[in-house]
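A short write-up of the structure that comes next.
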Amino acid sequence: MSYSTFSLTVEDQVAHLVLCRPEKLNSLTLAFFQELYTVCHELGRQRDVRALIISSTGKHFTAGLDLMALGALAADLSDGERSRAAYTLRSCVRELQDSISAVEKLRIPVIIATHGGCIGGGVDLATACDLRYCTHDAFFCVQETNVGLVADLGTLQRLPKLIPDGIARELCLTGRRLSAERALALGLVSAVFPDQETMLKEVKQTAKEIAGKSPLVVAGIKDVLNFGRDHGVQQGLDYVAVWQAGMLSAQDIMEQAAAKGSGRAPAYQDLPPPKDLVRLK
């Protein structure tokens, strides 16, 4: 399937999504959100994809929401009775939220590799990913604050879970830029690289390493980590106990032991795709 706002390739069980509107600073249009939701749905149903990398092209990773492209939507919402227009706006925001949340809910790990500016909606996207890397010239900015908006696609909910709450509040309340160096010190990114070529080489190696693990174990780790983030320690322990009781795979354990004994890489069975019993295909 082809996309208009990004390209998608799959190699060695790793998918690579690349934003491809550099002439527009990869600003995020409605088409981007539609296509992001679609691609997450599709990747979650591909047996041979075990990790996803998101990167970009041009000077900046993304300049954030394309406000001009959203202008027509805003005009539509300005018509009619105020309360009903507000109800419609809430529904629109939730749809955009679902697009970003689809990244977080994807059963495979998602790795984002940013360069230049990661602005506005780019921060929403980055905080929904599992691993974050950037180049030394990268910066992060909650740009919504600077244009008179409350960030509403996930930054205010996810960023305080990734860095100290006080720092997150400072960044969100001021709209200041967070440099790559400080993002690394705060733990928002796992590493900073001198240039994009070096970053992508290392990120692809990390994705390939993850793809070599049991896909059932990787999906379980992501699920349990996300549950633990949003619940207490004891609830998290109870959850992983139930997961382990239901989905611990003796087959994967034996395959790992056999592979180690024979000096080869383990070959794990792919996860089956969801049945989509009640979803439109």
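Numbering of the sequence shown is given in the numbering used here, commencing with residue 5 and proceeding in unit increments.
Every residue gets a Cβ at the ideal spot worked out from N, C-alpha and C, and that includes glycine.
Bear in mind the structure is a predicted one, so any value in this text is a computation, not a measurement.
CA-to-CA, the gap between histidine 64 and glycine 120 works out to about 4 angstroms. Counting along the chain, the unbroken alpha helix (DSSP H) around threonine 159 starts and ends at 159-166. No residue range can be given for serine 253, since it is assigned to no alpha helix (DSSP H) and is classified by DSSP as neither H nor E. In the DSSP annotation of this structure, the continuous segment of the alpha helix (DSSP H) that includes arginine 88 starts and ends at 86-109. Ranked by Cα distance from valine 97, the first of Asn150, Leu74 and Val22 is Leu74. For glycine 170, the number of other beta carbons within 10 angstroms of its own is below 16, and it is reported as exposed.
Take the alpha-carbon of glutamine 209 and the one of leucine 12: they are about 18 angstroms apart. The residue among Gly152, Gly240 and Tyr137 with its C-alpha nearest the C-alpha of threonine 202 is Tyr137. Residue range 219-234 is occupied by the alpha helix (DSSP H) that includes glycine 232.
Look at the segment 171-204 and you find these whole runs of beta strand (DSSP E), each 3 residues long or longer: 181-183 and 195-197. Segment contact: the segment 84-95 against the segment 42-55, fewer than three CB-CB distances shorter than 8 angstroms; contact not assigned.
In the same chain as tyrosine 243, and ignoring 5 residues on each side of it, the C-beta atoms closer than 8 angstroms to its own belong to Val228, Phe231, Gly232 and His235, in chain order. In the structure shown, the three-state DSSP call for phenylalanine 65 is coil.
In the displayed model, histidine 45 falls within a helix according to three-state DSSP.
The DSSP-derived three-state label of leucine 129 is helix.
About 7 angstroms separates the CB atoms of serine 105 and alanine 132; that is less than 8 angstroms, so the two are in contact.
Beyond the five residues adjoining it in sequence on each side, leucine 69 comes within less than 6 angstroms, by CB distance, of Leu32, Gly124 and Gly125 in the same chain, given in chain order. Per the DSSP secondary-structure output, arginine 54 pairs with nothing in a beta bridge. The shortest C-alpha to C-alpha distance from glutamate 15 to any of Pro270, Val246, Lys264 and Lys212 is the one to Lys212.
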